Amino acid sequence: AQSVTQLGSHVSVSEGALVLLRCNYSSSVPPYLFWYVQYPNQGLQLLLKYTSAATLVKGINGFEAEFKRSQSSFNLRKPSVHWSDAAEYFCAVGAGGNTGKLIFGQGTTLQVKP
Amino acid sequence: DAGVIQSPRHEVTEMGQEVTLRCKPISGHDYLFWYRQTMMRGLELLIYFNNNVPIDDSGMPEDRFSAKMPNASFSTLKIQPSEPRDSAVYFCATRRGASTEAFFGQGTRLTVV
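Chains as they are written, first to last, in the working numbering: chain A, 131 to 244; chain B, 10 to 122.
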């Protein structure tokens, strides 16, 4: 069975600082992993995805994530956060094979201080 | 493509009434998901379909909830009778294949009074 845990429901950083959002997953088969962003009153948009290629994945808006199998983690980071990055971020895991199931974490709200 | 289209965007209904939420997937996508988002419970998977067939409905909260996908172009989520605790944002998402990203609709904000 799949599960995903995001560590920290709220993260607050100053503009220009590094931000790190943590995600741990559980999957009985090699997983597909995703990070999504949700702005107020909108649907979720894909930031980046890991599908068993390179362990460091680059996404849109300067975000990147590193897959670490030994730690069952897929942490998202951005070296210099911008005020427009304030939003809610979701980590998601999909099992490999043909099950197709896609499970999301509880979300982390990113606040960017001026 | 216009993306995943959900209707209505907002729905306010009285307790006990039937509510039907609609979703038009992206053409060619063979997986369709229904999620519910609340402050308390986050983003919950209710049910998902593959090639119009329900695969896993273990997230459907109770028998008041039902979902159908009569063809590849349309899905509905029905709540009957509705209750105030059903108030949430309901998202439909679709994907092509089991390993790709899902695309989300704008959601339906349901308020049951």
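Beta carbons: idealized from backbone N, C-alpha and C, even for Gly.
All values reported here derive from a predicted model rather than from experimental measurement.
Exercise. In three-state DSSP terms, what is A/Asn286?
Worked result: This structure leaves residue 286 of chain A out entirely; chain A is present only between 131 and 244.
For this session: Determine, using beta carbons only, whether A/Thr185 and A/Glu196 come nearer to each other than 8 angstroms.
Result: Contact: yes.
Problem set entry | Per-residue DSSP class, three states only, for B/Pro63 | strand
For this session: Could you work out which residues of chain B lie near A/Lys231, taking near to mean beta carbons separated by less than 8 angstroms?
Result: Correct list: Leu54, Tyr57, Ile64 and Asp65.
Exercise. Taking 8 angstroms as the CB-CB limit, is A/Thr135 close to chain B?
Worked result: no
Exercise. Would a C-beta distance cut-off of 8 angstroms place B/Ile56 and B/Met69 closer than the cut-off?
Worked result: yes
For this session: Flag this pair as yes or no: are the beta carbons of B/Thr117 and B/Leu52 separated by less than 8 angstroms?
Result: no
Exercise. With a CB to CB cut of under 7 angstroms and the five nearest residues on each side skipped, what residues in its chain are close to A/Leu232?
Worked result: Ala222 and Gly224
Exercise. Going along the chain, which residues of its own chain have a beta-carbon closer than 8 angstroms to the beta-carbon of B/Leu82, five neighbours each way excluded?
Worked result: The question names Leu, but residue 82 of chain B in the sequence shown is Ser. Cβ neighbours of B/Ser82 beyond the five flanking positions: Lys33, Pro34 and Ser36.
Problem set entry | Nearest residue (CA-CA) to A/Leu254, options A/Ser210, A/Leu206 and A/Asp215 | No information on residue 254 of chain A is available, as it lies outside the stretch 131 to 244 that chain A covers here.
Exercise. Since A/Tyr166 is in the beta strand (DSSP E), which residue starts that stretch and which ends it?
Worked result: Pro161 to Gln168
Problem set entry | Integer Cβ distance of A/Thr269 from A/Ser139, believed to fall under 8 angstroms | The question about residue 269 of chain A has no answer, for chain A in this structure spans 131 to 244.
Problem set entry | Under 8 angstroms from the C-beta of B/Ser108: neighbouring residues of chain A | Tyr162, Thr181, Gly224 and Gly226
Problem set entry | For A/Phe220 and B/Glu92, the rounded distance between their alpha carbons | It is roughly 28 angstroms from the alpha-carbon of B/Glu92 to the alpha-carbon of A/Phe220.
For this session: Report yes or no: is there a C-beta of chain B within less than 8 angstroms of the C-beta of A/Phe220?
Result: yes
Exercise. Which residues of chain A have a Cβ atom closer than 7 angstroms to the Cβ of B/Gly116, listed in chain order?
Worked result: Correct list: Gly173.
Exercise. Using a C-beta to C-beta distance shorter than 8 angstroms, which residues of chain A count as neighbours of B/Tyr99?
Worked result: Those within 8 angstroms of B/Tyr99 in chain A number zero; the least Cβ separation is about 11 angstroms.
Exercise. A/Leu151 and A/Val141: beta carbons closer than 8 angstroms?
Worked result: yes
Problem set entry | Spatial distance of B/Ser67 from B/Ser75 (CA atoms) | 12 angstroms
For this session: Throw me the rounded Cβ distance for the A/Leu174 and A/Ile190 pair, which I believe falls under 8 angstroms.
Result: Contact flag wrong, Cβ pair sits at about 13 angstroms.
For this session: For chain A, find out if any of its Cβ atoms is closer than 8 angstroms to the Cβ of B/Gly51; answer yes or no.
Result: yes
Problem set entry | B/Ser84, buried or exposed, once every other Cβ within 10 Å from all chains shown has been counted against 16 | buried
For this session: Establish whether the CB of A/Phe197 and some CB of chain B are separated by less than 8 angstroms.
Result: no
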